[in-house]
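One structure is given here, and the rest of the page talks about it.
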Amino acid sequence: MLALPSLYAQGFKPTGQLLLPDTTLSQTPVEQGQPALQRQADFIVAVVNSEPITNNEVRLKLLRTEHVLRQQGVAPPPHSELVREVLERMISEKAQLQIAQTSGQRLDESAVDGAVEAVAQQNQMTVSELRRRLKSDGIDYALFRAEMRDELLLRRLRQHEVDNRVTVSEQEINQHLRDQKSASNTAPVSINLAEILLAVPENASPEQIAVQQALAQQVLKLAHSGADFVALGAEFSSATNHTNGAQMGLRSSERYPQIFVDATRKLQVGGIAGPVRSAAGFHI
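In structure tokens:
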């Protein structure tokens with residue numbers, strides 16, 4: 154999360170209008186008498202390089218954040234503090250999205266469709282049922298899709314940053330293969346792995362690392378409970394270099410990172426390991 158002075162440096166301007174959180178957000182929307190996002194007139198609460206962030210957008214993000222915290226059994230901070238944290242995170246993400254857009258990052262609608270379907274599957278419902286549930290909760294479906302699109306773009310941008318930090322020369326790869334072959338007389342085993350990466354940004358704060366670690370534990374719990382691993386990868390993974398969702402493909406163990414080989418060495422077929430920490434983040 155960026156500090157406030159950095160936000161001003163990136164073009165953040167306060168609107169002069171105070172964010173007035175709806176105190177009923179601490180309840181689940183279904184329990185409320187009327188839609189949560191329709192009782193209060195919308196207004197702009199922040200502007201990042203001429204792009205506004207509205208009060209309803211903040212309230213939607215706040216609802217989803219509170220829902221995730223409840224699922225993880227984590228006690229949320231005081232409401233006013235949580236509102237501030239959510240707004241600061243949205244300002245930071247808005248700046249990152251602008252970088253993604255100016256760098257030519259694009260996302261087709263099929264990717265957004267897949268993310269929406271993954272959310273529906275995770276909640277054991279169809280997309281149509283999900284849309285009806287969102288409507289009953291007072292959440293506009295177009296706003297929900299826009300948020301999913303932004304999240305996917307952010308993951309792609311973060312993975313691009315991770316890929317740029319990983320620089321391994323061909324000479325280093327060849328030397329590693331020679332070392333591996335000389336260290337063992339046994340033929341390398343071929344393994345087929347699937348991966349979900351919860352990326353940790355470079356120079357991440359302890360709080361950011363803790364959030365990603367907690368999310369990794371939650372995803373691992375969902376995977377152990379029987380959730381579709383590929384669908385979980387489509388929803389949560391920052392990795393974009395897999396041909397089929399989370400699938401990394403059948404290859405020699407020598408062609409996998411050693412931490413992956415070590416973590417999965419004793420697993421049965423279909424087993425799940427993790428979270429495994431690396432410089433890129435947390436792997437499942």
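FYI, in the working numbering the residues of the sequence shown are 154 to 437.
Quick reminder that beta carbons are idealized off the backbone N, C-alpha and C, glycines included.
Under 8 angstroms: do the segment 292-306 and the segment 203-216 share three or more Cβ pairs, one atom per stretch? yes
Taking only the alpha-carbon atoms, compute the straight-line gap between L306 and F382 and give it to the nearest angstrom. Residue numbering aside, residue 306 sits at position 153 when the sequence shown is read from its first letter. Residue numbering aside, residue 382 sits at position 229 when the sequence shown is read from its first letter. Distance between the alpha carbons of L306 and F382 is about 21 angstroms.
As assigned by DSSP and simplified to three states, the class of F435: Position 282 of the sequence shown holds residue 435. F435 falls in the strand class under three-state DSSP.
Local Cβ density within 10 Å of A432, reported as buried at 16 or more and exposed below that: Position 279 of the sequence shown, counted from the start, is the residue given in the question as residue 432. Classification of A432: exposed, given that the 10 Å Cβ count is below 16.
In or out: T396 buried (at least 16 other Cβ within 10 Å) or exposed? Taking the first residue of the sequence shown as position 1, residue 396 is located at position 243. The pLDDT assigned to T396 is 48, lower than 50, so where the model puts this residue is not dependable, and the model offers no usable value.
Within the segment 188-264, note down every full beta strand (DSSP E) run reaching 3 residues or more, in order along the chain. Runs of the beta strand (DSSP E) lying entirely within the segment 188-264, each at least 3 residues long, are 197-201, 204-207 in chain order.
On the three-state DSSP scale, how would you describe G402? Position 249 of the sequence shown, counted from the start, is the residue given in the question as residue 402. Strand, per DSSP.
Of the choices E238, Q411, K374, E304, whose alpha-carbon is the least far from that of V342? The sequence position of residue 342 within the sequence shown is 189, counting from 1. Nearest option by C-alpha distance: Q411.
Return the Cβ separation of L346 and M401 in integer angstroms, given the expectation that the two are a contact with Cβ distance under 8 angstroms. Counting from one through the sequence shown, the residue named residue 346 turns up at place 193. Counting from one through the sequence shown, the residue named residue 401 turns up at place 248. Rounded to whole angstroms, the Cβ separation of L346 and M401 is 5 angstroms, and the two are in contact under 8 angstroms.
Identify, in the order they occur along the chain, each residue of the same chain with its Cβ nearer than 8 angstroms to the Cβ of M243, setting aside the five sequence neighbours on each side. Reading the sequence shown from its first residue, position 90 is the one you call residue 243. The residues are A199, I206, E210, V211, K214.
Note down the Cα distance separating S203 from I252, rounded to an integer number of angstroms. As a first step, residue 203 is located in the sequence shown; it is residue number 50 there, counting from the start. As a first step, residue 252 is located in the sequence shown; it is residue number 99 there, counting from the start. For S203 and I252, the distance between alpha carbons rounds to 14 angstroms.
Are the CB atoms of G434 and V353 nearer to each other than 8 angstroms? Taking the sequence shown and counting its residues from 1, one reaches residue 434 at position 281. Taking the sequence shown and counting its residues from 1, one reaches residue 353 at position 200. Going by C-beta atoms, G434 is nearer than 8 angstroms to V353.
Between the segment 283-292 and the segment 223-238, can you find at least three pairs of beta-carbon atoms closer than 8 angstroms? no
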